[in-house]
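*Asks:* For the sequence shown, position 49 (counting from the first letter as 1) is numbered 732 according to this note's numbering, and the numbering increases by one without interruption. For every residue, glycine included, the Cβ atom is placed at its ideal position computed from N, Cα and C. The structure presented is a predicted model; accordingly, all values stated were derived computationally and were not measured. Handing you a structure now.
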Amino acid sequence: MNIIDESGILALSTRLQRLSEQLRKDGALLYKSFDIEFEPKWFPVIYTLYHKDILSVVEIANEIGYTHPSTISLLKELEKQKLIRSKKDKVDERKRLLQLTAKGQEMILKMKPVWDIMTSVLNEIVDNDNHLLKAINEAENKIANQSFLQRAIQLKREAKSDE
Numbered sequence: 684m685n686i687i688d689e690s691g692i693l694a695l696s697t698r699l700q701r702l703s704e705q706l707r708k709d710g711a712l713l714y715k716s717f718d719i720e721f722e723p724k725w726f727p728v729i730y731t732l733y734h735k736d737i738l739s740v741v742e743i744a745n746e747i748g749y750t751h752p753s754t755i756s757l758l759k760e761l762e763k764q765k766l767i768r769s770k771k772d773k774v775d776e777r778k779r780l781l782q783l784t785a786k787g788q789e790m791i792l793k794m795k796p797v798w799d800i801m802t803s804v805l806n807e808i809v810d811n812d813n814h815l816l817k818a819i820n821e822a823e824n825k826i827a828n829q830s831f832l833q834r835a836i837q838l839k840r841e842a843k844s845d846e
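What follows is the structure, encoded as structure tokens:
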């Protein structure tokens, strides 16, 4: 056990990031083992467009829960890879609508069997006494109601008023 593991809850963000990086790295290697050139960071956009067909930048950002700039950065990468394409909205010229290209749709077909394997493996990993996905959902709901920062500032105020 290292010092980060021993630090308990204080290193929660670090440990989640570490877990995420390990899953992304292994995911990338799994895609590669199927001869699929795919970056796991592209997954949220590709998966969303696979299910929703055509969306605006704002709609994609909302679906994946990323900031507008982060979403635009991902979209640029995916357009460069020719996995998605954009067109102007006929109703609102300022709005860009995005969808999978034929290349993107072909990639989805190659990825579906990999997603089945990933789903089985991830279910096995999180299937323990403290179900990880359920715990993440609960934590995200609490943060949606009141952020980490808001809670910390409230505690700080309460501590000051007790002085």
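1) Distance check for A694 and Q837, CA to CA, integer angstroms please.
2) Checking 8 angstroms against the spacing of the C-beta atoms, do I719 and K793 come in under that value?
3) Report back the beta-carbon spacing between F717 and V774 to the nearest angstrom; my notes put them in contact at under 8 angstroms.
4) Which term fits I686, buried or exposed, when burial requires 16 or more other beta carbons within 10 angstroms of its beta carbon?
5) Would you check if there are 3 or more beta carbon pairs closer than 8 angstroms linking the segment 722-739 to the segment 751-762?
6) Roughly how many angstroms separate the alpha carbons of L780 and M684, rounded to a whole number?
7) Compute the beta-carbon to beta-carbon distance between K786 and L766, rounded to the nearest angstrom, for a pair I have assumed lies under 8 angstroms.
8) I'd like the ranges of any beta strand (DSSP E) spanning at least 3 consecutive residues and lying wholly in the segment 718-776.
9) Closest by CA to K770, which one among L706, D799, V740?
10) Can you tell me whether DSSP reads Q788 as helix, strand or coil?
11) By a C-beta neighbour count over all protein chains shown, 10 Å radius and 16 as the cutoff for buried, is L815 buried or exposed?
12) Which residues does DSSP list as the beta-bridge partners of Q782?
13) Who are the Cβ neighbours of S690 in its own chain at under 8 angstroms, not counting the five residues just before and after it?
14) Which residues in the same chain have their Cβ closer than 8 angstroms to the Cβ of I747, if we skip the five residues on either side of it in sequence?
*Replies:* Taking the geometry as given:
1) As a position in the sequence shown, residue 837 is number 154, starting the count at 1. As a position in the sequence shown, residue 694 is number 11, starting the count at 1. Going from the Cα of Q837 to the Cα of A694 covers about 21 angstroms.
2) Along the sequence shown, one-based indexing puts residue 719 at 36. Along the sequence shown, one-based indexing puts residue 793 at 110. One thing to note: I719 has its Cβ within 8 angstroms of the Cβ of K793.
3) Here residue 717 corresponds to residue number 34 of the sequence shown, with the count starting at 1. Here residue 774 corresponds to residue number 91 of the sequence shown, with the count starting at 1. Their Cβ separation, rounded to whole angstroms, is 40 angstroms, which puts F717 and V774 out of contact at 8 angstroms.
4) Taking the first residue of the sequence shown as 1, we reach residue 686 at position 3. Exposed, because fewer than 16 other Cβ atoms sit within 10 Å of the Cβ of I686.
5) yes
6) As a position in the sequence shown, residue 780 is number 97, starting the count at 1. As a position in the sequence shown, residue 684 is number 1, starting the count at 1. Roughly 49 angstroms separates the two Cα atoms.
7) The sequence position of residue 786 within the sequence shown is 103, counting from 1. The sequence position of residue 766 within the sequence shown is 83, counting from 1. Confirmed, Cβ separation roughly 6 angstroms.
8) Given a length threshold of 3 residues, each whole run of the beta strand (DSSP E) inside the segment 718-776 is given here in chain order: 767-771.
9) Looking up residue 770 in the sequence shown gives position 87. The option with the nearest alpha carbon to K770 is V740.
10) Along the sequence shown, one-based indexing puts residue 788 at 105. Residue state for Q788 is assigned as helix, using DSSP reduced to three classes.
11) Translated into the one-based positions of the sequence shown, residue 815 becomes position 132. So L815 ends up on the exposed side.
12) In the sequence shown, the residue the question calls residue 782 occupies position 99. R768, per the DSSP bridge assignment.
13) If you number the sequence shown from 1, residue 690 lands on position 7. Cβ within range, chain order: n/a, list empty.
14) In the sequence shown, counting from the first residue as 1, residue 747 sits at position 64. Within the same chain, I747 has close Cβ partners P727, V728, T731, T754.
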